[in-house]
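J.:
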Amino acid sequence: MSGPLIRLFAATLVGGLAACQEPTAATRPPERPVLVSRVVYQQRIPDRSFVGTIKPRVESDLGFRVAGKIARRLVSAGDRIKAGQALATLDDADLRLQREQAEAEIRAAGASLAQAEAELGRIATLRKAGWSTVTGYDRQKAATEEARGRLVRAERALALAQNALSYAALVADADGVVTATQIEPGQVVAAGQPAVRLARTDEKEAVVAIPEALVEQLRSGTASVSLWADAGTRYAARLRELSPSADPVTRTYQARYALLGAGDEVQLGMTAAVTVGAPGGARVARLPLSALYNQGNGPSVWVVSEGGALALKPVTIAALETREVLVAEGIDDGDQVVSLGVQKLDAGQKVRIVQALRF
């Protein structure tokens, strides 16, 4: 073999050996695509939200304490009222006459008492001198006591007449909003007949309907309320009242939550969302059952780190549900766990995330 051919053969052999020692990208094992679930620890019993309505704790029908004819109605539905503000008035002509009559009765009773006392004094003087009998003295003493009693009765009648006259004006007993009016000027009303419905604004509540399956969580859970009109603001709430029986139609229980720190921005009738959470329950991470890996050494999961490397981590199982496993510990918040095909993976293998699912 000539020299040039030998050199060509040697160069070709060296190039082939170099190519065998440096594998190309096409010969490297491909990264396995995997589905992952991001770990998020949350309450084992999830928060529940219910749609409700803002209502006043106290809403009452106010009425006149005496009968009469409506002279004026001073408010309408929707008006904001301050305590002591007049809502309506009655024609008080008859009530004034009753007061004047009671005043006249007092003057007459006073005059009768003065006369009886003077007569009793004269009889007492005559008795000392021996010119009057004991029977006459006792009779006049009884008449004097009767006159004194008539005066007291007349004073009480005057007080009642003055009270009745003051009842001719219907006044609000607290700050609130008028939600309904049931009288008109000229109408004759009886004592106690509903005239104006007033909703107090000092205490507001969110009223919701609760399914019977969640009643126990409702009793012990912590609650907060947000308004649809202002979803970014949350108000602390306290369960004040829970209906003792279910609604016969909807089979739900009415619950009333008192709003703590609610101001004028919380209007009656607004739509609210009441969120009820478990009180200090255990926090778990929910993963699909297909994420569990167990070859006889206890449950584990494959965690994908940065760069696509795999690490097998043992976990503590809190419970197994129909489609999910509740992990109590062993992995951290934010870890990415392989959720499908875990039996086909090996430690040190490179993987590529193709989709991230959040549980």
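Going by my numbering, 249 is the number at position 264 of the sequence shown; the sequence numbering is gapless.
From the three backbone atoms N, C-alpha and C, an ideal C-beta is built for every residue, glycine too.
If contact is defined by three or more beta carbon pairs under 8 Å, each pair taking one atom from either stretch, is the stretch 63 to 73 in contact with the stretch 150 to 157?
T.: Output reads yes: the stretch 63 to 73 touches the stretch 150 to 157.
J.: So, is GLU190 buried or exposed, given that buried needs 16 or more other C-beta atoms within 10 angstroms?
T.: As a first step, residue 190 must be located in the sequence shown, where it is residue number 205. Label assigned to GLU190: buried.
J.: GLN27 bridges to which residues according to DSSP?
T.: Along the sequence shown, read from residue 1 onward, the residue named residue 27 stands at position 42. BP columns for GLN27 point to VAL269.
J.: At which residue ranges does the stretch 19 to 85 contain complete beta strand (DSSP E) runs of 3 or more residues, listed in the order of the chain?
T.: DSSP runs (the beta strand (DSSP E)) wholly in the stretch 19 to 85: 26 to 28, 33 to 41, 44 to 48, 53 to 58 and 71 to 75.
J.: Using the Cα positions of ASP215 and GLU250, report the straight-line distance between them to the nearest angstrom.
T.: Along the sequence shown, one-based indexing puts residue 215 at 230. Along the sequence shown, one-based indexing puts residue 250 at 265. Spanning the two alpha carbons is a distance of roughly 9 Å.
J.: For GLU16, which residues from the same chain have a beta carbon less than 7 Å from its beta carbon, with the 5 sequence-adjacent residues on both sides left out?
T.: Looking up residue 16 in the sequence shown gives position 31. Closer than 7 Å at Cβ, skipping near neighbours: GLY293, LYS335, VAL336 and ARG337.
J.: Just how far apart, CA to CA, sit GLN252 and GLU169?
T.: Here residue 252 refers to the residue found at position 267 of the sequence shown. Here residue 169 refers to the residue found at position 184 of the sequence shown. Going by the C-alpha atoms only, they are around 27 Å apart.
J.: Closest to ARG23 by CA distance: which of GLN328, SER290, PRO299 and LEU305 is it?
T.: Locating residue 23 in the sequence shown gives position 38, counting from the first residue. Considering only alpha carbons, the answer is SER290.
J.: Under the three-state reduction of DSSP, which class applies to TYR238: helix, strand or coil?
T.: Numbered from its first residue, the sequence shown carries residue 238 at position 253. If DSSP states are grouped into helix, strand and coil, TYR238 belongs with the strands.
J.: Can you look up ASP123 in the DSSP assignment and give me helix, strand or coil?
T.: For the purposes of this step, residue 123 is taken as residue 138 along the sequence shown, with counting starting at 1. Here ASP123 sits in helix by DSSP.
J.: Between which two residues does the beta strand (DSSP E) carrying GLN321 extend?
T.: Taking the first residue of the sequence shown as 1, we reach residue 321 at position 336. GLN321 -> beta strand (DSSP E) spans 321 to 323.
J.: Count the other CB atoms, across all protein chains shown, that sit within 10 Å of the CB of GLN100; report buried if there are 16 or more and exposed otherwise.
T.: As a first step, residue 100 must be located in the sequence shown, where it is residue number 115. When all chains shown are included, GLN100 counts as exposed.
J.: Which residues in the same chain as SER287 place their Cβ atom closer than 7 Å to its Cβ, once the five residues preceding and following it in sequence are excluded?
T.: Taking the sequence shown and counting its residues from 1, the one referred to as residue 287 is at position 302. The sequence given here places Trp at residue 287; Ser does not occur at that position. Answer for TRP287: TYR278, LEU295, LEU297, VAL322, VAL323, VAL327 and LEU330, listed in chain order.
J.: Do you know how far the Cα of VAL51 is from the Cα of GLU226?
T.: In the sequence shown, the residue the question calls residue 226 occupies position 241. In the sequence shown, the residue the question calls residue 51 occupies position 66. The alpha-carbon atoms of GLU226 and VAL51 are separated by roughly 35 Å.
J.: Only counting the same chain, and skipping five residues up and downstream in sequence, which positions put a Cβ closer than 7 Å to that of GLU88?
T.: Translated into positions along the sequence shown, residue 88 becomes position 103. Result list for GLU88: LEU143, in chain order.
J.: How would you label VAL229, buried or exposed, when you count the other beta carbons within 10 angstroms and need 16 or more for buried?
T.: Residue mapping note: residue 229 aligns to position 244 of the sequence shown, counting from 1. Before going further, note that residue 229 is Pro rather than Val in the sequence given. It is exposed - the Cβ of PRO229 has fewer than 16 other Cβ atoms within 10 Å.
J.: Mark SER285 as exposed unless 16 or more other C-beta atoms lie within 10 angstroms of its C-beta, in which case mark it buried.
T.: Sequence index remark: in the sequence shown, residue 285 carries index 300 (1-based). So SER285 counts as buried.
J.: In chain order, which continuous runs of the beta strand (DSSP E) of length 3 or greater are located wholly inside the stretch 169 to 195?
T.: With a minimum length of 3 residues, the continuous beta strand (DSSP E) runs that stay inside the stretch 169 to 195 are 179 to 185.
J.: What does ILE302 pair with, by DSSP beta-bridge criteria?
T.: As a position in the sequence shown, residue 302 is number 317, starting the count at 1. DSSP, once it has assigned bridges, lists VAL312 as partnering ILE302.
J.: In the DSSP output, which residue or residues are listed as bridge partners for GLY262?
T.: Reading the sequence shown from its first residue, position 277 is the one you call residue 262. Beta-bridge pairing links GLY262 to THR207.
J.: Rounded to whole angstroms, what's the CA-CA distance from GLU102 to ALA165? Just pull it up for me.
T.: Position 117 of the sequence shown holds residue 102. Position 180 of the sequence shown holds residue 165. About 57 Å.
J.: Could you tell me the distance, in whole angstroms, from the CA atom of SER34 to the CA atom of ALA222?
T.: In the sequence shown, residue 34 corresponds to position 49, counting from 1. In the sequence shown, residue 222 corresponds to position 237, counting from 1. Using only the alpha carbons, I get a separation of about 13 Å.
J.: On the CB-based measure, 16 or more other CB atoms within 10 Å of its CB, does LEU80 come out buried or exposed?
T.: Taking the sequence shown and counting its residues from 1, one reaches residue 80 at position 95. So LEU80 counts as buried.
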